[in-house]
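S.K.:
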Amino acid sequence: MAINELREKSADELNAHLGELRKEQFSLRMQKATGQLPKTHETRRVRREIARVKTLLGRPRSSKQK
1 MAINELREKS
11 ADELNAHLGE
21 LRKEQFSLRM
31 QKATGQLPKT
41 HETRRVRREI
51 ARVKTLLGRP
61 RSSKQK
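Under this note's numbering, the first residue of the sequence shown carries the number 1, and numbering increases by one thereafter.
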């Protein structure tokens, strides 16, 4: 998901998305451990998107943004 799309979401939506990403990360980690992960780049993509969401959650929102 693009950073602009993430900026438009509310804090509750970002927290829900973060939960989904963590579940996906866990699943990918288990697939990697069992040797069933065909696309290893997915772990990197998920890890970076988690970082994006956590960055947006940590920043104070201005009154102009939702």
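Backbone N, C-alpha and C fix where the C-beta goes; we use that ideal spot for every residue, glycine too.
Since the model is a prediction, treat every value here as computed from it, not as a measurement.
Apply the 10 Å Cβ neighbour rule to H41 and answer buried if 16 or more other Cβ atoms are within range, or exposed otherwise.
M.R.: exposed
S.K.: Just how far apart, CA to CA, sit E8 and Q25?
M.R.: Distance between the alpha carbons of E8 and Q25 is about 23 Å.
S.K.: Under 9 Å, do A11 and L57 count as touching if we go by C-beta distance?
M.R.: yes
S.K.: Just confirm the distance between the C-beta atoms of V53 and L6, as a whole number of angstroms; I'd bet it's less than 8 Å.
M.R.: 6 Å
S.K.: Taking C-beta to C-beta, are T43 and L28 nearer than 9 Å?
M.R.: yes
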